[in-house]
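In the working numbering, the protein residues as written are 42 to 182.
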């Protein structure tokens, strides 16, 4: 079941990153794809940061989607290192795939995705270090 959840989230992330129109989810339009056989890899280095509400929501989506992806991968591998490595590989791959689908893959999106992955691993580490109690209130006096 864990692997199925990870696979489904991976497919969702690929659809969101490779669809020709990234706003399909908010407009109710079915996603469509446009293949670009010879992408310009220089687009990865463009720094076109915006401060609009929609742009910030998309970046939060990058961060949280890959945070969850990393956590799900950790639940399968039980290794922080493997989870971080393979999640970042997937994040980089999705940004490069965007170039082939007429979208703008960006290096800074790889950084945002990686920050989400690392945040997920930190949260997992913190949760593992919290003392476990048998009820809502610890009986320590």
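From the three backbone atoms N, C-alpha and C, an ideal C-beta is built for every residue, glycine too.
Treat the numbers as computed from the prediction; the structure is a model and nothing was measured.
Could you tell me the distance, in whole angstroms, from the CA atom of residue i to the CA atom of residue j?
i: residue 151; j: residue 71; result: 26 Å
i: residue 156; j: residue 108; result: 8 Å
i: residue 68; j: residue 59; result: 17 Å
i: residue 124; j: residue 93; result: 32 Å
i: residue 182; j: residue 173; result: With a pLDDT of 44 at residue 182, under the threshold of 50, the modelled position of this residue cannot be trusted, and the question is left open.
i: residue 63; j: residue 57; result: 6 Å
What does the Cβ neighbour count give for residue i, buried or exposed, with the cut at 16 atoms within 10 Å?
i: residue 105; result: exposed
i: residue 128; result: buried
i: residue 132; result: buried
One question on the structure: do residue i and residue j come within less than 7 Å of each other, judged by their Cβ atoms?
i: residue 111; j: residue 158; result: yes
i: residue 43; j: residue 117; result: yes
i: residue 75; j: residue 146; result: no
i: residue 46; j: residue 113; result: yes
Report task. Jot down the residue ranges of each uninterrupted alpha helix (DSSP H) in the region 82-158, minimum 4 residues, whole runs only, in chain order. Result -> 94-118, 121-141
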